[in-house]
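Residue numbers (the numbering used here), protein chains in the order written: chain D, 1 to 192; chain C, 1001 to 1555.
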Amino acid sequence: MYALPSAAPPAPQRQVLVGVTLAVMAAVMMTGSMLAVWALQRREAIDFAGSWLPDGVTIPEVPTNVMLLAFIGLCVFGQWAVYSAKHDDRGHTILALGCTFLVGLLVINAQAYVYTQMHLGIADGTYAAMFYAITGFFVVLMIIGLLFTTVAAFRFIGGRSADRELLTAHALYWYAMAAIYAAIWFLVYVTK
Amino acid sequence: MTTIESSPEVAAAVSSASVDADSPSWLDRFIDVFTSTDHKVIGRHYFVSGLLGLLAIVVVNVLIAIERLDGADTVLSSEVIPQLLDAQRVGLVFAVLLPLAMAMSIAFVPLQVGARSIVFPRLAFAGFWMWLGGAIVTVVALVNNGGSLGGDSDMVDLFIAGLGLMAIGLLASAGTVVTTILTTRAPGMTMRRVSPSTWSALVFNLGVVLVMPVLVGTLTYLFVDHRNARTGFGGNEGIFDWVGWIFTQPATFLFAIPAIGMLVEIFPITFGRRTPARGVMFAGLALVGVAALGAVTQQNIQNLPWAGSQLSTSNLDEKTRDLVPYVIFNGLPILGVLLVLLVALQIARPTSGMKVKVAPPVFFAFFGFGMVLVGMLGNLLYAVDDAAVQGTVFEEASLVYVVYGAVLGAMGALVHWAPKLWGRKMHDLGATALAFVGVGATILATFPLYIAGLLDQPAGVAYDNNDLQIWNILSLIGHSLMAVTALAFVLLMITSLARRGDDVGDDPWSAQTIEWATTSPAPRDNFVDVPIIHSAEPMLDLRAAASAPTNGSES
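What follows is the structure in structure tokens.
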């Protein structure tokens, strides 16, 4: 009887990293599509009515700029966690993840502050509906990121310190979030 | 009995496990079926749901065809017809084409790459139930006057939400398939050695990962705007202006890729040959994936806006500007399909001593491939403004060609891999007959509408030219035949499932890929031992080694 030779089941090969990469691709595509529609509607509104931003609405620029800067911190902290894990520095890994969580929370807080300062109701026209849709999606991504950070931290605290791939995927997620926010910041908050 | 070497310890463990196992109660089985994260069970769920979706949509198609018999809305009320047209379009893509394509990926890809399970099985499981939940929500919305031309505002919201939920579910499932192919292949299985079906699944699922977020992003805007402001997107009537691209060509080509890949999966088995020029075949399947651009750019069609006189008067720059997107969006996928066909013909080229083993899957695969190709060619013509078929039933015919063609491909996949899913083959003669009835039904349902479109029958159900009636009668017969095909196929499946004691063996087709090395049906973990792969056709190698003269010892 001839038979195929067998082997032990191969060890998982970066499944989490590939999975997160695909998730990031999906998030980037979704943001890209929303920004494309935003740009289209903006151009049509300007052609038709001369302006896109509704009268009386001002975008608070300080918190939106601070959010952009905060993403530098998020990327650094995410990478710090990877670096510390590689050097078996459990304390700094957990500290880096804690900092990531805290800064992520601050970004959500800043976004909420932007909402309160704009005095814009969701039913106040096309701009308002689209603004809340795209920034709401961004907040959802931030919450997912915080959950990811929490899971990564608890796994580390629980002793699974060899799981560096998860931290690499975690850092990748925050890099992608930085790119996503940079695009939103430029088109929604700067170009207006 | 598998054709993979097992260590004595593993063999003993497997044997004792099977002796000790208590037979589960019906409740345990019921719970297991609906909560299982086994990819084969999830794939079966997608198959069953897709086939039920097909039955439902074929009924909708029959109703629309009946309405078209005399060119007026005489059978159903005028309020119902827009809902039916929406149901047809959404159903063909989201209730038939996508679930069947996803079923082919989830059920068979882990087996084909030698993985013991799908990666992130709970995500794949959640993806199926999200898709099913979205499908149910969408049906509820359409029944209650939702849809793009619906009069109930809340139901229109529900319709948009249902579409979004289906898209997210499919996105989740697609992510698990891509990750499985990229990370969980058996030792020695390089990407060049994966089967055509696995490669098709990779292209299709990567496309879904790229396309569905674009749909979800647009649906988010539509939902928020429709729920609140209703100023920027044309209300409910604007839904198809913004997301219509997902329900038509070229986006649907992307979803038909698994059916296209079936041809080059089955032909080598039929003709007992290795697949030549695998790189060309892979490139062909990947080229069809260019159709994803239709979604990325959110365009329904890439027209060739040349009225006859412009052919000679417009300057070269303008012509090039028109021609390039037209060729990229509509031509490249066809080029890809032709490359696949070229490889298939190379496999089938007659040589002396060639043994052809004709089995039912080859008919399904060949007919499905052909129907998808005809649908693609139709779209090539549809996009030419000068052909004057835009806004006619021609586009519907092209869509139905692609979807029914993909359905035939999926049926072929089920017939082919039925032994691995439930341990028994489907009836050969019955399946072969259904393949012929199915292709006849597809041609009758769609080709007359191509002609009616060329004769200017407008999209929808109304027309005022009595000469068009004959084409609509033929189309009705075709859809009715497809209803018979779908029903008969389901009955054939049930008959096959109910048959007892019919041992088909591990490799009833003398196939080439590694899923045929494990038992039929495949065990929960697919392979008791993971095989090592040394070529793209390991089972063929095994048979060649068995038939080769030996020196008195076997390995």
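The beta-carbon is built from N, C-alpha and C at its ideal position, and this holds for glycine as well.
Which term fits G50(D), buried or exposed, when burial requires 16 or more other beta carbons within 10 angstroms of its beta carbon?
-> Along the first sequence, read from residue 1 onward, the residue named residue 50(D) stands at position 50. Label assigned to G50(D): exposed.
Verify whether the separation of the beta carbon atoms of S1105(C) and F1204(C) is less than 8 angstroms.
-> Here residue 1105(C) is taken as the residue at index 105 of the second sequence, counted from 1. Here residue 1204(C) is taken as the residue at index 204 of the second sequence, counted from 1. Yes, the pair counts as a contact, with Cβ atoms nearer than the cut-off.
Which value, in whole angstroms, describes the spacing of the CA atoms of I1066(C) and A1433(C)?
-> Numbered from 1 along the second sequence, position 66 holds the residue referred to as residue 1066(C). Numbered from 1 along the second sequence, position 433 holds the residue referred to as residue 1433(C). Approximately 26 angstroms between the Cα atoms of the pair.
Which bits of chain D does I1532(C) rub up against, with CB to CB less than 8 angstroms?
-> Translated into positions along the second sequence, residue 1532(C) becomes position 532. Result: L4, P5, S6 and A7.
Would you mind sorting T93(D) into buried or exposed? The rule is 16 or more other CB atoms within 10 Å of its CB.
-> By one-based count along the first sequence, residue 93(D) stands at place 93. By the Cβ neighbour-count rule, T93(D) is buried, with 16 or more other Cβ atoms within 10 Å of its own.
Contacts that N1236(C) makes with chain D (C-beta to C-beta distance below 7 angstroms) = Counting from one through the second sequence, the residue named residue 1236(C) turns up at place 236. Correct list: empty, because the minimum Cβ distance to chain D is about 15 angstroms.
Taking 8 angstroms as the CB-CB limit, is N1228(C) close to chain D?
-> Looking up residue 1228(C) in the second sequence gives position 228. Yes, contact with chain D.
Going along chain C, which residues have a C-beta under 7 angstroms from L22(D)?
-> As a first step, residue 22(D) is located in the first sequence; it is residue number 22 there, counting from the start. Chain C residues near L22(D): G1175, V1178, T1179 and V1209.
Short check: CB of V1538(C) to CB of L4(D), under 8 angstroms?
-> For the purposes of this step, residue 1538(C) is identified with residue 538 of the second sequence, where counting begins at 1. For the purposes of this step, residue 4(D) is identified with residue 4 of the first sequence, where counting begins at 1. The question names Val, but residue 1538(C) is Pro in the sequence shown. In this structure, L4(D) lies closer than 8 angstroms to P1538(C) by Cβ.
Would you please verify whether the beta carbon of I144(D) is less than 8 angstroms from any beta carbon of chain C?
-> As a position in the first sequence, residue 144(D) is number 144, starting the count at 1. It does not; no Cβ of chain C falls within 8 angstroms.
Interface residues of chain C facing Y132(D) [CB-CB closer than 7 angstroms] | In the first sequence, counting from the first residue as 1, residue 132(D) sits at position 132. Here the neighbours are V1224.
Would a check of beta-carbon distances place R1116(C) closer than 8 angstroms to chain D?
-> Looking up residue 1116(C) in the second sequence gives position 116. Output row for R1116(C): interface = yes.
First through last residue of the alpha helix (DSSP H) which encompasses P12(D) | Taking the first residue of the first sequence as 1, we reach residue 12(D) at position 12. Note, P12(D): premise wrong, no alpha helix (DSSP H); not H, not E.
Where do the N-terminal and C-terminal ends of the alpha helix (DSSP H) with R1089(C) fall, by residue?
-> Residue 1089(C) sits at position 89 when you count from the first residue of the second sequence. R1089(C) -> alpha helix (DSSP H) spans V1080 to V1090.
So what does DSSP say about T1184(C), is it helix, strand or coil?
-> Numbered from its first residue, the second sequence carries residue 1184(C) at position 184. T1184(C) falls in the coil class under three-state DSSP.
Closer than 8 angstroms to chain D by CB, A1517(C) | Position 517 of the second sequence, counted from the start, is the residue given in the question as residue 1517(C). Taking Cβ atoms only, chain D reaches closer than 8 angstroms to A1517(C), which makes this a yes.
Give a yes or no on whether the C-beta atoms belonging to A162(D) and T31(D) are separated by under 8 angstroms.
-> The residue labelled residue 162(D) in the question sits at position 162 within the first sequence. The residue labelled residue 31(D) in the question sits at position 31 within the first sequence. It is not a contact, given that the beta carbons lie outside the stated cut-off.
Counting only beta-carbon atoms, is V1393(C) nearer than 8 angstroms to chain D?
-> Position 393 of the second sequence, counting from 1, holds the residue named residue 1393(C). No, V1393(C) does not count as interfacial toward chain D.
For L87(D), which option in W174(D), K192(D), A169(D) and R164(D) has the closest C-alpha, if you only look at C-alpha atoms?
-> For this step, residue 87(D) is matched to residue 87 along the first sequence. Checking the displayed sequence, the identity of residue 87(D) turns out to be His instead of Leu. Measuring from the Cα of H87(D), the nearest candidate turns out to be R164(D).
With G1370(C) as the anchor, note down where its alpha helix (DSSP H) starts and where it stops.
-> Locating residue 1370(C) in the second sequence gives position 370, where the first residue counts as 1. Residues P1360 to Y1382.
May I ask you to verify whether the segment 1386-1393 of chain C touches the segment 1268-1278 of chain C, counting CB pairs closer than 8 angstroms and requiring at least 3?
-> no
6 angstroms Cβ shell around R1556(C) - same chain, five flanking residues per side excluded | Nothing about residue 1556(C) can be read from this structure; chain C reaches only from 1001 to 1555.
Proximity to A1201(C) [Cα-Cα], best of F1125(C), L1100(C) and D1154(C) | Position 201 of the second sequence holds residue 1201(C). For A1201(C), the nearest C-alpha among the options comes from L1100(C).
Report all residues from its chain with a CB closer than 8 angstroms to the CB of D1541(C); omit the five preceding and five following residues, and keep chain order.
-> As a first step, residue 1541(C) must be located in the second sequence, where it is residue number 541. Close CB contacts of D1541(C) within its chain, under the 8 angstroms cut and outside five residues either way in sequence, are with H1534 and S1535 (chain order).
What residues of chain C sit near Q15(D), judged by a beta carbon separation below 8 angstroms?
-> Sequence index remark: in the first sequence, residue 15(D) carries index 15 (1-based). What Q15(D) touches in chain C: V1119, F1120, T1179, T1183 and T1184.
Return no unless some Cβ of chain D is closer than 8 angstroms to the Cβ of P1581(C).
-> As shown, chain C starts at 1001 and ends at 1555. That puts residue 1581(C) outside it, with no answer to give.
Min CB distance Y1401(C) to chain D below 8 angstroms = Here residue 1401(C) refers to the residue found at position 401 when the second sequence is read from its first residue. By this cut-off, Y1401(C) is not an interface position.
Candidates Y189(D), A153(D), F186(D) and V190(D): which alpha carbon is nearest F77(D)'s?
-> Position 77 of the first sequence, counted from the start, is the residue given in the question as residue 77(D). The option with the nearest alpha carbon to F77(D) is A153(D).
Give the residues from the segment 1052-1081 of chain C that approach chain D closer than 7 angstroms (Cβ to any Cβ), ordered along the chain.
-> Listed in sequence order: no entries.
How many angstroms separate the CA atom of T135(D) from the CA atom of V1048(C)?
-> Walking along the first sequence from the start, residue 135(D) turns up at place 135. Walking along the second sequence from the start, residue 1048(C) turns up at place 48. Cα to Cα, T135(D) sits roughly 39 angstroms from V1048(C).
Applying the criterion that 16 or more other CB atoms from any shown protein chain within 10 Å of the CB defines a buried residue, is K1420(C) buried or exposed?
-> Mapped onto the second sequence, residue 1420(C) falls at position 420. Buried, because 16 or more other Cβ atoms sit within 10 Å of the Cβ of K1420(C).
Any idea what DSSP makes of T1138(C), helix, strand or coil?
-> The sequence position of residue 1138(C) within the second sequence is 138, counting from 1. Correct three-state label for T1138(C): helix.
Pull up the CB-CB distance for G1378(C) and F1329(C), whole angstroms please, since I reckon it's below 8 angstroms.
-> In the second sequence, counting from the first residue as 1, residue 1378(C) sits at position 378. In the second sequence, counting from the first residue as 1, residue 1329(C) sits at position 329. So it is not a contact: roughly 14 angstroms between Cβ atoms.
Given a threshold of 16 other Cβ atoms within 10 Å of its Cβ, counted over all protein chains shown, does F1436(C) qualify as buried or as exposed?
-> On the second sequence, residue 1436(C) is found 436 positions in, with the first residue counted as 1. Exposed.
Three-way DSSP call (helix, strand, coil) for V1194(C) in this model | Here residue 1194(C) refers to the residue found at position 194 of the second sequence. V1194(C) falls in the coil class under three-state DSSP.
With DSSP run on the structure shown, which of helix, strand or coil describes V1504(C)?
-> Translated into positions along the second sequence, residue 1504(C) becomes position 504. Coil at V1504(C), not helix or strand.
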